[in-house]
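Colleague: Here's a structure for you.
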Amino acid sequence: MERSPIHIEDVPPIGGALPAPEDTPIVVVDDEPSVLSFLRKVLEAEGYPVETFESAQEAFTRISQAGVALLIADIVLPDMGGMELVRRSLEEDPSLSVLILTGAADTESAVESLRLGVDDYLQKPISADDLIVSVARALRHRAQADYRDKLETWLRSEVTRRTEEVQRRSQELELVTVATLSTLVRAMEAKDPYLKGHSERIASLCGRMARHLGFDARDIEDVRTAGLLHDIGMIAVPESILHTEGELSEEEYRQVKEHVEIAANILEPLSHIARAVSYIRCHHERLDGSGYPRGLRGSDIPLAAQIVGLAEYYGSLTERRPHRRAYSAVEALETVRASRDVWFEARVMDALEQVVSSEPELVEPEPELPGPD
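Structure follows, in structure tokens:
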């Protein structure tokens, strides 16, 4: 049977800054004409289309018509408070980027701005350089959010299209679909030297652990499939976050955690791998309830999902990352043992130790990868 795999060049670029469309304006509202004039001059000099308003109501009417990339609003406005304008505007368009301007430091307003999801809170007088940096950062954030949504839609449609193609040919649906997704995973990992081969190593480790636990052939294949596809949702996480050295911010960590639900959403249409999808959905859950996305506990977490979770935990430790060297098998096992009967059942931990002791080369890191000593 002829196959049409997804090639690396088929996958849209991931992460990075995406400029706002030239015809998508920035709306600026301030009751001081001199401030409006300054903001317009600076932004237009950078090539941004700008629409200015002295009235909050007029600005909101414009935002309600859609097609606005960014709102820059003074916090004090005569006809409607700046925070009220922001609240109403974000209800109208949740994807809208927002910058707040204020003439005086106000902790309460700053906290409220963060709660609403405002991109930046700027105190007047603002310099042209600070304004340009804040606007660029806000538009970048909006563009990345839009792109993640589009990428997830693209993945779902691509999976559906290829599934329908296989069905029309009346061929082996399961083999072709998993092979296609495996190609997509390899394409995704090829973009990051630290991830190359990660999913295949985890899939292999999952299969051997499942065999040690007495799973039958079909169950082993389901666990292997879950191990192979467990991180497919990472394709929607910006590269800037994946390559962060050091601790992630709360917002960055939230975006990383979303990869579980994104993966499940991508794979849900494929009913023949439904069990594998359920394991993927639960592979970051932990026995003590500290995992995500649902905080499941104990027996609510499938044994197969624990296999995938522990295999990924151990396997990731044995791979280099931007901020650390790869652990040896001995070091990685010593680290994961602390999670015995806390995150993972003892029998799952025993299966991992049996596999690693007999086949330690399964998850050895690639020696040529760059990384710290």
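Numbering (the working numbering), first residue to last: 446 to 818.
Every residue, glycine too, gets a C-beta built ideally from N, C-alpha and C.
Model, not experiment: these values are computed from the prediction.
#1: Which runs of the alpha helix (DSSP H) at least 4 residues long sit entirely within the stretch 634–700? Give them in chain order.
#2: Got a sec, what are the start and stop residues for the alpha helix (DSSP H) Leu-567 sits in?
#3: List in chain order: all unbroken alpha helix (DSSP H) runs of 4+ residues lying wholly within the stretch 737–792.
#4: Can the beta-carbon of Ala-708 be found less than 9 Å from the beta-carbon of Ile-677?
#5: Going by CA-CA distance only, name the one from His-728, Arg-769 and Ile-665 that's closest to Thr-689.
#6: In the structure shown, what three-state DSSP assignment does Ile-471 receive?
#7: Tell me the residue span of the beta strand (DSSP E) that contains Ile-517.
#8: Touch check for the stretch 551–560 and the stretch 588–601: three-plus C-beta pairs under 8 Å?
#9: If contact is defined by three or more beta carbon pairs under 8 Å, each pair taking one atom from either stretch, is the stretch 570–581 in contact with the stretch 500–512?
#10: In angstroms, rounded to a whole number, what distance separates the CA positions of Asp-575 and Arg-582?
#11: Measure the Cβ-Cβ separation of Glu-672 and Glu-757 and say whether it is below 9 Å.
#12: According to DSSP, Thr-598 sits in a beta bridge with which residue or residues?
#13: List the DSSP bridge partners of Val-495.
#14: Can you grab the Cα-Cα spacing for the pair Gln-510 / Glu-496, in whole Å?
#15: Figure out for me which residue from Leu-522, Val-705 and Asp-524 has the closest Cα to the Cα of Val-682.
#16: Using DSSP bridges, identify the partner residues of Ile-545.
#17: Tell me whether Ile-558 is buried or exposed, calling it buried when 16 or more other Cβ atoms sit within 10 Å of its Cβ.
#18: Under 8 Å: do the stretch 600–611 and the stretch 641–651 share three or more Cβ pairs, one atom per stretch?
#19: Where does Pro-539 sit, in a helix, a strand or coil, going by DSSP?
#20: Cα separation between Leu-741 and Leu-584?
#21: With a cut-off of 8 Å on the beta carbons, I'd call Leu-658 and Ala-777 a contact; round off their distance for me.
#22: What does the Cβ neighbour count give for Ala-624, buried or exposed, with the cut at 16 atoms within 10 Å?
#23: Ile-718 by DSSP, collapsed to three states: which one?
#24: If distances are taken between C-alpha atoms only, which option among Val-487, Leu-481, Tyr-493 and Gln-700 comes closest to Thr-469?
#25: CB His-675 to CB Ile-746, shorter than 9 Å?
#26: Buried or exposed: where does His-717 fall if 16 or more other Cβ atoms within 10 Å of its Cβ makes it buried?
#27: What distance in whole Å lies between the Cβ atoms of Ile-508 and Val-472, which are believed to be in contact at a cut-off of 8 Å?
#28: How about Asp-667 and Ala-721: are their beta carbons less than 9 Å apart?
#29: Start and end of the alpha helix (DSSP H) containing Ile-508?
#30: Near Asp-524, what residues of its chain come up, given a Cβ to Cβ distance below 6 Å and the 5 sequence neighbours on each side ignored?
#31: By a C-beta neighbour count over all protein chains shown, 10 Å radius and 16 as the cutoff for buried, is Arg-532 buried or exposed?
Modeller: This is what the structure holds:
#1: Taken in chain order, the complete alpha helix (DSSP H) segments of 4 residues or longer contained in the stretch 634–700 are 643–657, 662–674 and 684–687.
#2: Here Leu-567 belongs to no alpha helix (DSSP H); instead the beta strand (DSSP E) covers 565–568.
#3: For the stretch 737–792, whole alpha helix (DSSP H) runs of length 4 or above, ordered along the chain, are 748–762 and 774–781.
#4: It is a contact, given that the beta carbons lie within the stated cut-off.
#5: Closest by alpha carbon: Arg-769.
#6: DSSP places Ile-471 in the strand class (E or B) of the three-state scheme.
#7: Looking at the DSSP string, the run of the beta strand (DSSP E) that includes Ile-517 is 515–519.
#8: No, they do not touch.
#9: No: fewer than three Cβ pairs fall under 8 Å.
#10: Distance between the alpha carbons of Asp-575 and Arg-582 is about 11 Å.
#11: Looking at the sequence shown, residue 672 is not Glu but Gly. Yes, Cβ-Cβ distance for Gly-672 and Glu-757 is below 9 Å.
#12: None, per the DSSP bridge assignment.
#13: Val-495 pairs with Ile-471.
#14: Each residue's alpha carbon lies about 13 Å from the other.
#15: Closest by alpha carbon: Val-705.
#16: Bridge partners of Ile-545: Ala-518 and Tyr-566.
#17: The displayed chain sequence assigns Ser, not Ile, to residue 558. Ser-558 is buried by the Cβ-count criterion.
#18: No, the stretch 600–611 does not touch the stretch 641–651.
#19: Residue state, collapsed to three classes: coil.
#20: For Leu-741 and Leu-584, the distance between alpha carbons rounds to 36 Å.
#21: Not confirmed; about 20 Å, so no contact.
#22: It is exposed - the Cβ of Ala-624 has fewer than 16 other Cβ atoms within 10 Å.
#23: Look at Ile-718 here: in three-state DSSP terms it is helix.
#24: For the options Val-487, Leu-481, Tyr-493 and Gln-700, the alpha carbon positioned closest to that of Thr-469 is the one of Tyr-493.
#25: Not in contact: His-675 and Ile-746 (Cβ atoms no closer than 9 Å).
#26: Exposed, since its Cβ has fewer than 16 Cβ neighbours within 10 Å.
#27: Confirmed, Cβ separation roughly 6 Å.
#28: Yes, these two residues count as a Cβ contact at 9 Å.
#29: It spans 501–509 - the alpha helix (DSSP H) in which Ile-508 sits, taken as one unbroken run.
#30: These residues qualify, in order along the chain: Ser-500, Ala-501 and Gln-502.
#31: Counting of Cβ neighbours within 10 angstroms places Arg-532 among the exposed residues, the total staying below 16.
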